[in-house]
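Before any comments, here is the structure.
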Amino acid sequence: KQEVTQIPAALSVPEGENLVLNCSFTDSAIYNLQWFRQDPGKGLTSLLLIQSSQREQTSGRLNASLDKSSGRSTLYIAASQPGDSATYLCAVRGGKLIFGQGTTLQVKP
Amino acid sequence: GAVVSQHPSWVICKSGTSVKIECRSLDFQATTMFWYRQFPKQSLMLMATSNEGSKATYEQGVEKDKFLINHASLTLSTLTVTSAHPEDSSFYICSARDGTEHEQFFGPGTRLTVL
């Protein structure tokens, strides 16, 4: 059974810092891995999708990496801004899309 | 990306009543749709998977007679919470994709409050 773990559960940083969010998964037989953002009380916003054959994806200040063999992914956020404050969810798709518990990020002005 | 809509975005109902939530794929044909549930400060938990024209597959612990799912067309799935109780209050999110290896797209969610 696939299990997805995200560390840390919460993170508070000053504006401008670069930061890394971690995601690990137990079963490496996956189609893809996706990072989402969720604002309080809202739905999901897809940030990056990495196919199993890819090593990384970039979008603006975001960079996500995937190491399938070790069951790990990281989301790198450069030059963080207060508007980046949200919960970040990692989800892994084998047969089903399984979510981690999320990392709640607070970026202080 | 593709767009998935949900209606209503929020609903308040009395205990014992039934509530229907609609999920539509607006610009693609969704061969498979998913229903998730999210409690406050928790992650999304998959409730069921439905393929167009066939019965939904429910995850362990999800009561199929309580959460009725219908996927009658390639653009519409509905979730009916029957005889709702306060413990059913939650954020319900649907998702859809148009192929086995394709990306899943998520709706904006429906907040259900049962009084």
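Residue numbers (this note's numbering), protein chains in the order written: chain A, 11 to 119; chain B, 17 to 131. Ideal placement from N, C-alpha and C gives every residue a C-beta, glycine not left out. Note that the structure is a prediction, hence the values are computed from the model and not measured.
Note on B:I109: 16 or more other CB atoms within 10 angstroms of its CB, so buried under the neighbour-count rule. For B:P124, the secondary structure class from DSSP, reduced to helix, strand or coil, is coil. Scanning chain A for C-beta atoms nearer than 9 Å to the C-beta of B:Q120 yields Q44, S56, A101, R103 and L107, reported in chain order. Linking A:S80 to A:I60 through their CA atoms gives a straight-line distance of about 15 Å. In this structure, the straight-line span from the alpha carbon of A:L31 to that of A:L85 is close to 5 Å. Residue contact check for B:P24 against chain A: no CB pair falls below 8 Å. Contact with chain A is absent for B:I85, since none of that chain's Cβ atoms lies less than 8 Å from the residue's Cβ. Boundaries of the beta strand (DSSP E) harbouring A:Q16: V14 to I17, taken from the DSSP string.
Using a Cβ distance threshold of 8 Å, A:S95 and A:E25 do not count as a contacting pair.
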